[in-house]
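In the numbering used here, the protein residues as written are 127 to 482.
Following this line, the structure appears as structure tokens:
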């Protein structure tokens with residue numbers, strides 16, 4: 127039996143070539159373990175754009191209509207009878223996942239992002255209503271309390287929204303690979319992910335070097351917490367850093383020479399990819415073998431780690447640098463995103479939906 131539903135305002139796309147337009151969607155009334163959240167801000171992630179345009183069809187085909195958005199902050203409006211962690215009025219957040227099986231080895235280890243039955247915030251099967259889940263480009267969302275997160279009250283909400291994807295995506299591998307004081311850390315690419323990586327690496331106490339193809343980004347990189355900035359097209363500058371890094375986070379999604387960065391790693395150094403280039407990367411075996419280097423990937427983090435990241439951001443007053451837009455400018459924002467014309471993340475003010 128399906129739970130009762132209510133109508134929520136949202137923006138959705140009806141096909142890979144359609145713009146996002148105003149619509150009404152069904153949301154379930156909270157069941158006993160659910161939390162209903164009025165969405166105040168939702169960040170725009172590059173994966174929203176990929177999904178809307180069905181660009182990841184080979185491994186994650188888009189089901190239409192799609193309501194994207196998985197960088198969600200808001201205020202609790204209603205809770206189910208069995209909910210213990212949240213009450214109406216609380217600030218709350220939702221990231222990339224809204225459920226998992228809770229029983230597999232990954233879930234038991236707090237690594238829900240690797241659960242084979244993970245339910246994504248949008249474009250995943252909706253076990254409550256049938257059809258598919260709808261994301262945060264909406265005035266409200268209803269989520270199982272296990273997947274709702276607390277937002278530190280000192281953080282600006284517009285800038286806190288991107289922490290739920292861009293934040294955890296960069297925080298998690300840094301924690302996993304032991305970034306901290308005395309470590310030399312590189313960040314490749316200064317965009318939505320890269321600018322968060324710089325803030326975290328700096329807050330962890332590492333020596334931070336930003337690699338960029340754009341000399342004009344130097345000033346901004348230093349403002350965000352970088353100790354040095356290297357223009358990656360300058361072979362001499364790159365050579366100076368050869369074999370010296372403990373950890374490099376590569377946040378570039380365009381095709382690029384990853385080997386140039388592997389050669390900068392020291393013994394036991396690691397390069398973690400969080401950008402997702404469309405074409406396979408060319409990695410010569412000896413780049414890894416000669417210094418026992420490793421090359422890995424990472425995606426988001428589990429719920430406990432995401433909460434840890436939010437609490438860390440609260441303690442260090444870290445938020446994303448955002449440009450706040452009304453929902454009516456979302457299609458224009460997508461066009462600008464393709465040109466990297468944003469510093470450094472768009473955050474949608476959902477109050478703008480009320481005028482629809």
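All residues carry an ideal CB built from backbone N, CA and C; glycine is no exception.
Thinking C-alpha only, which one of the options is nearest residue i?
i	options	result
residue 166	149, 141, 135, 178	135
residue 431	238, 368, 320	238
residue 423	331, 383, 391, 399	399
residue 426	265, 294, 236, 301	294
residue 223	429, 446, 330, 481	429
residue 468	319, 405, 286	319
residue 407	380, 392, 417, 416	380
residue 405	412, 391, 382	382
residue 201	175, 266, 251, 232	266
residue 386	444, 272, 367	367
residue 287	301, 150, 257, 197	197
residue 402	315, 298, 324, 143	315
residue 447	351, 372, 481, 416	351
residue 444	323, 230, 347, 461	323
residue 442	257, 185, 330	330
residue 481	264, 235, 143	264
residue 185	313, 462, 249	249
Does DSSP put residue i in a helix, in a strand, or in coil?
i	result
residue 313	strand
residue 427	coil
residue 186	coil
residue 260	coil
residue 199	strand
residue 291	coil
residue 359	coil
residue 244	coil
residue 297	helix
residue 471	strand
residue 269	strand
residue 132	strand
residue 438	helix
residue 444	coil
residue 210	coil
residue 459	helix
residue 277	coil
residue 235	coil
residue 404	coil
residue 338	strand
residue 432	helix
residue 482	coil
residue 421	strand
residue 385	helix
residue 332	coil
residue 352	coil
Apart from the five residues just before and just after residue i, which ones in its own chain have a Cβ nearer than 7 angstroms to its Cβ?
i	result
residue 421	388, 397, 409, 414
residue 129	154, 155, 157, 254
residue 317	377, 466, 470
residue 176	182
residue 437	278
residue 328	334, 351
residue 281	439, 440, 445
residue 325	350, 351, 444
In chain order, what residues of the same chain have a beta carbon less than 8 angstroms from the beta carbon of residue i, not counting five sequence neighbours either side?
i	result
residue 341	357
residue 449	468, 469, 471, 472, 473
residue 246	196, 222, 223, 224, 259
residue 268	153, 154, 155, 156, 160, 161, 162, 163
Would you tell me roughly how many angstroms separate the C-alpha atoms of residue i and residue j, rounded to the nearest one?
i	j	result
residue 243	residue 171	23 angstroms
residue 440	residue 291	16 angstroms
residue 377	residue 338	11 angstroms
residue 434	residue 178	30 angstroms
residue 374	residue 384	11 angstroms
residue 343	residue 466	13 angstroms
residue 305	residue 354	17 angstroms
residue 370	residue 476	45 angstroms
residue 148	residue 335	43 angstroms
residue 363	residue 221	38 angstroms
residue 394	residue 321	25 angstroms
residue 232	residue 240	6 angstroms
residue 251	residue 132	19 angstroms
residue 199	residue 289	10 angstroms
residue 418	residue 271	43 angstroms
residue 365	residue 390	8 angstroms
residue 302	residue 360	31 angstroms
residue 345	residue 174	29 angstroms
residue 461	residue 150	24 angstroms
So is the beta-carbon of residue i under 6 angstroms away from any non-hydrogen atom of the ligand GTP?
i	result
residue 452	This structure simply doesn't include the ligand GTP, nor any ligand for that matter.
Here's a check: name, in chain order, each residue in its chain whose Cβ is nearer than 6 angstroms to the Cβ of residue i, leaving out the five neighbours to either side.
i	result
residue 453	137, 474, 478, 479
residue 333	310, 353
residue 164	200, 201, 203, 266
residue 347	316, 336, 355
Report yes or no: is there a C-beta of chain D within less than 7 angstroms of the C-beta of residue i?
i	result
residue 290	Looking at the structure shown, chain D is missing, and only one protein chain is on hand.
**Report entry** Stretch-stretch touch, CB-based, cutoff 8 angstroms, three pairs: the segment 216-235 with the segment 277-287
**Finding:** Yes: the two stretches touch, three or more of their Cβ pairs being nearer than 8 angstroms.
**Report entry** Contact the segment 202-210 vs the segment 153-160: 3+ CB pairs below 8 angstroms
**Finding:** The answer is yes - the segment 153-160 touches the segment 202-210, with three or more Cβ pairs under 8 angstroms.
Query raised in the report: Okay, do the segment 137-146 and the segment 184-199 touch, 3+ Cβ pairs below 8 angstroms being the bar?
Result: With three or more CB-CB distances shorter than 8 angstroms, the segment 137-146 counts as touching the segment 184-199.
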